[in-house]
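A quick write-up on the structure given underneath.
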Amino acid sequence: MEPWKSFIVINDSVIHIIDDPEVTMFIAYAVVGVLLALALGASAVLTFTRNEAITASMGKVGVPGAWFPWLASLKAAGALGLLVGLGVPLIGSAAAIGVFLYFVGAVVTHLRVKDYEIAPPVVLALLAAAALALRVLSA
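For the sequence shown, position 2 (counting from the first letter as 1) is numbered 2 according to UniProt numbering, and the numbering increases by one without interruption.
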């Protein structure tokens, strides 16, 4: 399959959309995967630089400051894996699984200390689950 050749074909001012479910799923994965990678990349930078909002949120749930570089590295690796996954389906699937598990862990960490401000990790976990499903369906 060559999805880059299948998006839209324009002949004599008529637009033909290629009706291929795998291509549709690939396009959806590309959109979700790139958006999630951008969010992860931004979060990784903010964590590496110890942004006040990030340190306050992580400190509130008991994450030691010594873990910040490791957690930021995981986010950066997830972002890179999702982008590499555009060309290598297995890498994209593995990255989506890792990102999903990372944010499930974040939700559990928040709930463990009775902090119910879990919308960001829940949304990111759901995006990772969507990326995984779309990557599997497009392979």
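Idealized CB from N, CA, C, for every residue including glycine.
Inclusion of residue 135 and residue 96 in the CB contact set at 8 angstroms is warranted, their separation being smaller than that value. In the structure shown, the three-state DSSP call for residue 120 is helix.
Within the same chain, Cβ atoms closer than 6 angstroms to the Cβ of residue 46 are found at 54, the five residues on either side in sequence being excluded.
Between the alpha carbons of residue 39 and residue 127 lies a distance of about 10 angstroms.
Counted as a single uninterrupted DSSP element, the alpha helix (DSSP H) harbouring residue 24 occupies residues 21-48. Collapsing the DSSP output to three states places residue 60 in a helix.
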